[in-house]
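Note sheet for the following structure.
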Amino acid sequence: MATSTLFVLLAIAVIASVVAVDDSAWHLVPDGNGRLHLVNTNPYGLPVSDGPSRRFVPQQDMIFRLFTRANPTQPQILQLNNPGSISGSNFNPAHPTRFTIHGWNNDGSHFMNADIRDSFLQQGDFNIITVDWGVGAIDPNYIAARYRVGVVGETVSLLINQLISTTGVNPDNIYIIGF
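Letter by letter, the sequence shown follows residues -20 to -1, 1 to 159 in mature numbering (1 follows the signal peptide of the UniProt record, and there is no 0).
This is how it looks when you write it as structure tokens:
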């Protein structure tokens, strides 16, 4: 009996040393409420993509909502390549500008947007712009959503450049808050 037990343990040790477990695909990922999930970011061992999937088109799918003390709960939509959407809004280049950007599996309706917006507007005059990239962020495949973050940042930078060229806002007065 002791010999058979020893043989079984030896066999398990040999198999374990031969079969390598790739744990590099497993990551702890927080959801919008701060709960951690153990996520296999590549469960099928697929080649890693070089970029976002084609169904998410940031310049079309992202929504920029402006809130100020003049419109604290009713957003005004700012559009890329439409300077009139900025000049016709309550955006004030003399006021500090804060962008809020949600994370994985969330969209612009996440409660943190309202909490951050309300906190800033209670403190003073701000331009609060919520960035909604839910079309790209709401995806059970964390790795796919993660690859979209770069193009989301690039698209936010396009709006910031448009704000600067349209209103003359000081870029030193613009902060980005991600959650």
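By construction, the Cβ of each residue, glycine as well, lies at the ideal position given by its N, Cα and C atoms.
Taking a contact as a CB-CB distance under 8 Å, the pair Gly116 and Val132 counts as one, their CB atoms being some 7 Å apart. Note that the C-beta distance between Ile109 and Leu60 is not below 8 Å. As the crow flies, the alpha-carbon of Asn153 is around 21 Å from that of Asp112. Given a length threshold of 3 residues, each whole run of the beta strand (DSSP E) inside the region 18 to 68 is given here in chain order: 43 to 48 and 51 to 58. In this structure, His75 lies near Phe106, with their beta-carbon atoms less than 8 Å apart.
Residues of the same chain with a CB within less than 8 Å of the CB of Val19, apart from the 5 flanking positions on each side, are Trp6, His7, Leu8, Val9 and Tyr122 in chain order.
For Arg78, the enclosing beta strand (DSSP E) has its first and last residue at Thr77 to Ile81. Val111 sits in a strand when the DSSP states are folded into three classes.
With fewer than 16 other beta carbons inside 10 angstroms of its own, Phe91 counts as exposed.
Less than 8 Å separates the beta-carbon of Leu139 from that of Leu58. Membership of Ile157 in the beta strand (DSSP E) is indicated by the continuous run Ile154 to Gly158.
Collapsing the DSSP output to three states places Val149 in coil.
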